[in-house]
Amino acid sequence: MKKVLLIIQREYLTRVRKKAFLVMMLVVPVLIAGMTKLIAYVAKDSDQVSKPQTVKVIDESHLFEGKLKNAKNIQFIPTDETLDKAQKGLADNEDLSILVISKDYSSKPVQFLSKKKPSFALTGEVENQMNEIASTNTMLANHIDTALLNKAKKNKVSINALEVTDAGTKDADVGTSMGVGVACAILIYMSLFIYGAQVMRGVIEEKTNRIIEVIISSVKPFQLMLGKIIGVGLVGLTQFGAWIILSVIVTKTMGNNASGGIMGALQTLQHIPFGYILFCFMFYFLSGYLLYSALFAAVGSAVDSETETQQFMFPITLPLLFTYLLSVTVLFRAPDSPLAVWLSMIPFTAPVAMMIRVPFGGVPAWQLGLSMGLMVIGFVCTTYVAARIYRVGVLMYGKKASFKELAKWFFYKE
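So the sequence shown is numbered by the UniProt record's numbering: it starts at 1 and just counts up by one.
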């Protein structure tokens, strides 16, 4: 155990003493605060980004004449020109587009021509206006009072989601839960790759420099692997903790004008169980990191350079990548669906899938307990498999390993 602690100390101190670590620890909170401010500014002044566009309208149906309204940075100009003549102006003007509405526009698609690909904002605005005009024309043709219908449309229903608890009702704040869930899933996904890769690179570096032969003479391969994994994991926890503390300090020192968006975000977090989410995040970060970093260490021991790792990395990281893509597209919409539940139980996918579910607060205690238990079992099993490969691989040089070769290493006797 003493040797493992020495390895942990070495791995930890050599990384936290690097200038790159200290710079990233101090700079990231400032970058996050600045990025939040920049996003708020860009979102506020987004209309200034798009260039003014002129749209020539050739209306063969004569049902949209004078009804398309100019929007910000979009000007509609009716024209009697033929399509061939109007198209000649496109060659010298990137800010000019042509809208061609056929007589039978309901069955024949409306054409939108421009020199370069139009933006979604431009085509979306044109499509929305045309749909509104077409609906109004249809209602007028059927003698429907459009004024009365438009008045009825203004009576919109607003839903306030409330969560019923033993203490009473409280704001469910679904949007915040969804944002926190996706953010946690992204952080887990990125951190597993970043810190797991550090373990793999450390093994490859020591192996190529032949330092590993000297180290193995005094410690067992399993002790070396375990020390590396825990040491780098502690570096990750240190970095996360520093970022949280420094982010709060930066937020308070930047002032209301510079950090209004951040303060607003922090206020919304008051409606969610922050301590519970932080505990789950730390557990799944650690357990997921321990599980994947053991496999990364095994991969590092099986190769002589980082370029040879691709054939092993893809099968290992595929479940994590698959779950991440599902989390940011599907799972956050239905966090209690059967797919989300099953993915949150499988150790290779649980770190990302469960962190999507936890902020919504609907995870039964037995599911969370079972998931955590399976994560521990998964870590123990993967560490055992990785250790048996690692003990042979770290002393192998000049031979490209394959999955068949790794299987042989696993069954080698001590």
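Note that the Cβ used here is the ideal one computed from N, Cα and C, for glycine as well.
Item	Value
Own chain, CB closer than 6 Å to residue 3, minus 5 neighbours either side, in chain order	219 and 223
First and last residue of the uninterrupted beta strand (DSSP E) at residue 392	Unbroken run through residue 392 is the alpha helix (DSSP H), 365 to 393; no beta strand (DSSP E).
C-alpha distance - residue 358 paired with residue 19, whole-angstrom precision	36 Å
Buried/exposed call for residue 82, threshold 16 Cβ in 10 Å	exposed
Neighbourhood of residue 49 by C-beta distance below 7 Å, restricted to the same chain and skipping five residues each side	For residue 49, the pLDDT reaches just 42, beneath the cut-off of 50, and the residue's location in the model is therefore unreliable, although a value from the coordinates is still provided. Answer for residue 49: no residue qualifies.
Cβ neighbours of residue 383 in the same chain (closer than 7 Å, five flanking residues each side left out)	294
7 Å Cβ cutoff met for residue 221 and residue 390	yes
Residue 451 versus residue 124: straight-line alpha-carbon distance, rounded	Given that the chain is displayed from residue 1 to residue 414, the structure contains no residue 451 and the question cannot be resolved.
Whole-angstrom distance between residue 139 and residue 132, CA atom to CA atom	11 Å
Given 8 Å, three or more beta-carbon pairs between the stretch 182 to 199 and the stretch 274 to 294	yes
Alpha-carbon to alpha-carbon, residue 277 and residue 287	15 Å
CB contact flag (residue 115, residue 79, <7 Å)	no
Nearest-angstrom Cα separation, counted from residue 329 out to residue 61	41 Å
Residue range of the beta strand (DSSP E) that includes residue 4	Segment 2 to 16 is the alpha helix (DSSP H) holding residue 4; no beta strand (DSSP E) there.
Whole-angstrom distance between residue 376 and residue 230, CA atom to CA atom	15 Å
Delimiting residues of the alpha helix (DSSP H) encompassing residue 323	310 to 327
Sequence-distant residues of its chain with Cβ nearer than 7 Å to residue 16 (five each side left out)	235 and 238
Within 7 Å, strictly: CB atoms of residue 299 and residue 200	yes
Assigned exposure category for residue 228 - 16 Cβ within 10 Å defines buried	buried
Opening and closing residue of the alpha helix (DSSP H) in which residue 408 lies	403 to 411
Span of the beta strand (DSSP E) around residue 144	Premise fails: residue 144 is in no beta strand (DSSP E) and is neither H nor E.
Short Cβ contact (7 Å threshold) for residue 371 with residue 344	yes
Neighbourhood of residue 402 by C-beta, 7 Å cutoff - its chain only, sequence neighbours within 5 removed	none
Residue 55, DSSP secondary structure in three states	strand
Top-ranked residue by Cα proximity to residue 210, from 407, 393 and 14	393
Alpha-carbon spacing of residue 409 relative to residue 226, whole angstroms	19 Å
Length of the line joining the Cα atoms of residue 6 and residue 202	16 Å
Local conformation of residue 359 per DSSP, three classes	helix
CA-to-CA distance, residue 74 to residue 85, given in whole angstroms	22 Å
Cα-Cα separation, residue 339 to residue 108	41 Å
DSSP-derived helix/strand/coil call for residue 68	coil
Supposed close pair residue 96, residue 112 - CB separation, criterion 8 Å	Rounded, the Cβ-Cβ distance is 12 Å, inconsistent with contact.
Whole alpha helix (DSSP H) elements within the stretch 79 to 148, 4-residue minimum	83 to 88 and 120 to 141
Classification of residue 204 by the beta-carbon crowding that lies within 10 angstroms, buried from 16 upward	buried
For residue 222, three-class secondary structure by DSSP	helix
Beta-carbon proximity of residue 297 to residue 386, cut-off 7 Å	yes
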